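Chains A and B are the protein sequences, given in the same order.
Start counting the first sequence at 246; every next residue gets the next number (the numbering used here).
Start counting the second sequence at 246; every next residue gets the next number (the numbering used here).
Using N, Cα and C, we set each Cβ at its ideal position, and we do this for glycine too.
For clarity, every value in this text was computed on a predicted model and none was experimentally measured.
Comments concern the structure below.
There are 2 protein chains.
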Amino acid sequence: MGKALPKMEVLSTELEKELGLPAGYIEKYSGVRKRYRAEDESNSSLGAAALHQALQHAKISAKELGYLISASATFDYPLPNRASAIKKQMEDGEKTHFPCLDIDTTCLSFVSALDIAAGFLHPVHCKYVAIVSSEIASKGLNPKDVETYTLFGDAAVACIIGVTEKPEQGLIHYQLQTYSEGAELTMIKGGGNRYHPKEHPYQTDLYSFFMQGRQLLKLAKRSLPSFMEQFWKDSTCSLHEVDAIIPHQASKAGLILLQDITQGHKPTIGSNLAAYGNCIAASIPLLLMEMREQGNVQEGSTVLLIGTAAGFSIGAALIRL
Amino acid sequence: MGKALPKMEVLSTELEKELGLPAGYIEKYSGVRKRYRAEDESNSSLGAAALHQALQHAKISAKELGYLISASATFDYPLPNRASAIKKQMEDGEKTHFPCLDIDTTCLSFVSALDIAAGFLHPVHCKYVAIVSSEIASKGLNPKDVETYTLFGDAAVACIIGVTEKPEQGLIHYQLQTYSEGAELTMIKGGGNRYHPKEHPYQTDLYSFFMQGRQLLKLAKRSLPSFMEQFWKDSTCSLHEVDAIIPHQASKAGLILLQDITQGHKPTIGSNLAAYGNCIAASIPLLLMEMREQGNVQEGSTVLLIGTAAGFSIGAALIRL
């Protein structure tokens, strides 16, 4: 794995001054102490840097990649796709012809990409798949919406997935479900064909991320038990075999809600919300990378990646490292 | 399969009046006689209508779907993903929880989605996958750029893919390659994080599609022979087993170029560029649907779907109906 962060760190204490909030307010309510925000960095530049580091860590060259999957919600350009823009930024992008694919399940894009990458792997034709989740959330935030303005951060993470000869390793089970009653609870309305910039000039409200947090939490709370019941029913593993849970760092309240799924079992539940904020699809792989570096998970660990996404979806992948 | 077109037809003769061009000029140079353009229609409304028709044609209900893949380059909203917006528009979207995934390889998105859908199909857990390619190109066109303004059209097509018990049916081979030297030859620059509407107010040039057509054709011509050589080498079928070729309706010159791949063999090469223009990812499935309806391909036909895409990519899928 590899990561890349924008140079600029923004502390919650700085945002409190900017917004005229009492000291300590933001960390108390959002759980975020600092986040990174892009200035001259782009989705592609951060993505390419993360991928470069991941290739170094994996000790393989770009030539050995069978696929590049960009798994994110935000983008540099409406066209071409993000993966092509990342490949273009890579040092040796022009010497290789591996295919570039974008996938998007918003905050769960990395988790969905694991499932797709597992399907692509082949001992001869596709030994390695690179997944890059590169997100710049900061441009789409509304300073008047304190809850979201203080919650999100920018980051890029890349992960190289390879063929394993150990049958116990890899993706054990994956499940995604979409609940359309929540489709309009999390949106950026302006900028696409519905509210095209040609006809709808920039206005902060229209072009910024908004979420109806309380209703999302209600929907998540209502849907999660049956989602998990189905997940464990279809999986060959059970909850008490899980060593660690890596939840999407959606929000402080969202993380508390996900604790319910442990049902009294005690796997480690990771969190890095305080240090990075919600980095959309980059949150889960960033936490996975940190937990590997810190030795909280290692080869042989059974890890549940789980989260919610705009759409509204719940998704989870059970993997053995 | 099912399709949905905007109500408004725009004839090339009308565009000639608008642009002050001589009568017959547009059809002669672009090969396009008419195209459809969205007014009040959206990617989601057209996509949902096409999916509704496809479900009717397939005689299955939305409840039986195991997956909805939106395979397009254009979108209604930056967030959530397109598939979630389409599901929300479906009559019974709220009664079902099938997962919503977006994939994007620009003009080749439908072809890439076939490969991914084939991997998702499972006789118990995922009997049917719906692929929807719903494109509104017209909002991102620059009237000053005659070549592209007259070339593109809007359309949506949906296709239901199912498990088959006949081992000879289905996806035979798929290949995608990305050539980064062409990454900047086809772009819409404005509207994402690189040129965000907050900092870069709408200007036609910045927010419109542009392509360097001549350089694209050169790159395609240079790359296509080795792409095809690899494709046939890795496939269990050969070119003379192909009954029909369904090329992406990129442009008149692009279609002429693709004729080279037949190498003197004479499979039917389909085209509907004159009637719809280039409909981005919807072009290939729209032509597939029409050729099935007209009896040009039928159960048992071996069909090569092939095209180029912004990025720059070449992709192909060999399928047996």
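In whole angstroms, give me the CA-to-CA distance for residue i and residue j.
i	j	result
SER378 of chain A	ASN326 of chain B	15 Å
GLU263 of chain A	GLU336 of chain B	45 Å
MET246 of chain B	LYS308 of chain B	17 Å
SER528 of chain A	GLU486 of chain A	24 Å
SER289 of chain B	LEU296 of chain B	10 Å
ALA520 of chain A	PHE320 of chain A	23 Å
THR350 of chain B	PHE343 of chain A	13 Å
ARG280 of chain B	ASN523 of chain B	9 Å
SER306 of chain B	ASP505 of chain B	42 Å
ALA294 of chain B	LEU250 of chain B	9 Å
LEU396 of chain A	THR553 of chain A	15 Å
ILE514 of chain B	GLU392 of chain B	24 Å
ILE433 of chain B	PRO446 of chain B	14 Å
GLY560 of chain A	SER471 of chain B	40 Å
THR547 of chain B	GLN414 of chain B	9 Å
LYS332 of chain A	LYS466 of chain B	21 Å
GLN301 of chain B	VAL369 of chain B	22 Å
SER453 of chain A	GLY436 of chain B	13 Å
GLU444 of chain B	ALA318 of chain A	20 Å
LEU386 of chain A	TYR394 of chain A	5 Å
LYS340 of chain A	ALA428 of chain B	13 Å
ILE491 of chain A	GLU544 of chain A	16 Å
In terms of residue numbering, what span does the alpha helix (DSSP H) encompassing residue i cover?
i	result
MET536 of chain A	528 to 538
MET473 of chain A	458 to 479
LYS262 of chain B	257 to 264
ARG282 of chain B	No alpha helix (DSSP H) holds ARG282 of chain B; the beta strand (DSSP E) holding it covers 279 to 282.
GLU392 of chain B	391 to 394
LYS497 of chain A	497 to 503
LYS332 of chain A	327 to 334
TYR274 of chain A	270 to 275
GLY292 of chain B	288 to 303
ASP347 of chain A	That residue, ASP347 of chain A, is in no alpha helix (DSSP H); its beta strand (DSSP E) goes 345 to 349.
ALA382 of chain B	Unbroken run through ALA382 of chain B: none, as it is neither H nor E.
Following the continuous beta strand (DSSP E) through residue i, name the residue where it begins and the one where it ends.
i	result
PRO492 of chain B	489 to 492
ALA562 of chain B	558 to 565
ASP360 of chain B	Segment 354 to 365 is the alpha helix (DSSP H) holding ASP360 of chain B; no beta strand (DSSP E) there.
ILE417 of chain A	415 to 423
LYS248 of chain A	247 to 249
GLY407 of chain B	400 to 407
Under the rule that 16 or more other beta-carbon atoms within 10 Å means buried, what is residue i, buried or exposed?
i	result
LYS411 of chain B	exposed
ALA268 of chain A	exposed
HIS510 of chain B	exposed
HIS493 of chain B	buried
PRO512 of chain B	buried
THR481 of chain A	exposed
ARG439 of chain B	buried
THR409 of chain B	exposed
LYS248 of chain A	buried
GLU535 of chain B	buried
GLU259 of chain B	exposed
ASP287 of chain A	Checking the sequence shown, residue 287 of chain A turns out to be Ser, not Asp. Per the 10 Å Cβ criterion, buried.
SER483 of chain A	exposed
Using only alpha-carbon positions, find the residue among the options that is nearest to residue i.
i	options	result
LEU366 of chain A	A:GLY385, A:ILE405 and A:LYS333	A:ILE405
ASP390 of chain B	B:ASN541, B:SER558, B:LEU266 and B:LEU324	B:LEU266
SER329 of chain A	B:TYR424, B:ASN541 and B:LEU518	B:TYR424
TYR373 of chain B	B:ALA299, B:ASN438 and B:SER357	B:ALA299
TYR274 of chain B	B:GLY540, B:LEU500 and B:ASP450	B:LEU500
ILE417 of chain B	B:ALA465, B:LEU563 and B:ASN438	B:LEU563
SER496 of chain A	A:ILE525, A:LEU469 and A:CYS345	A:ILE525
GLU254 of chain B	B:LEU324, B:GLY427 and B:ASP399	B:ASP399
ALA283 of chain B	B:LYS384, B:LEU421 and B:LEU502	B:LYS384
PHE557 of chain B	B:LEU532, B:VAL408 and B:GLN422	B:GLN422
ALA403 of chain B	B:PHE355, B:THR449 and B:ILE271	B:PHE355
LYS252 of chain A	A:TYR322, A:ILE381 and A:MET536	A:ILE381
GLY311 of chain B	B:LEU346, B:PRO442, B:GLU426 and B:GLU474	B:LEU346
VAL277 of chain A	A:ALA363, A:LEU256 and A:LEU502	A:LEU256
At a CB distance below 8 Å, what residues from the region 423 to 439 of chain A approach chain B? Give them in sequence order.
THR423, TYR424, SER425, GLU426, ALA428, GLU429, THR431, MET432, ILE433, LYS434, GLY435, GLY436, GLY437, ASN438 and ARG439
Of all the residues that make up the region 317 to 328 of chain A, which are near chain B by a beta-carbon distance shorter than 7 Å?
ALA318, THR319, PHE320, ASP321, TYR322, PRO323, LEU324, PRO325 and ASN326
Anything in the region 288 to 315 of chain A with a Cβ closer than 7 Å to a Cβ of chain B? List those residues in chain order, please.
ASN288
Residues of the region 442 to 453 of chain A with a CB closer than 7 Å to any CB of chain B: list them in chain order, please.
PRO442, LYS443, PRO446, TYR447 and TYR452
Determine which residues of the region 499 to 527 of chain A have a Cβ less than 8 Å from any Cβ of chain B, and write them out in chain order.
none
Report the residues of the region 331 to 348 of chain A with a CB closer than 7 Å to any CB of chain B, ordered along the chain.
LYS332, LYS333, GLY338, GLU339, HIS342, PHE343, PRO344, CYS345, LEU346, ASP347 and ILE348
Can you pull out the residues from the region 406 to 424 of chain A whose beta carbon lies closer than 7 Å to at least one beta carbon of chain E?
Annotation note: the requested chain E is absent from the structure, which comprises protein chains A and B.
What residues in the region 367 to 390 of chain B have a beta carbon less than 8 Å from any beta carbon of chain A?
HIS370, ILE381, LYS384 and GLY385
When you check each C-beta in the region 349 to 368 of chain B against every C-beta of chain A, which residues fall closer than 7 Å?
ASP349, THR350, THR351, SER357, ILE361 and GLY364
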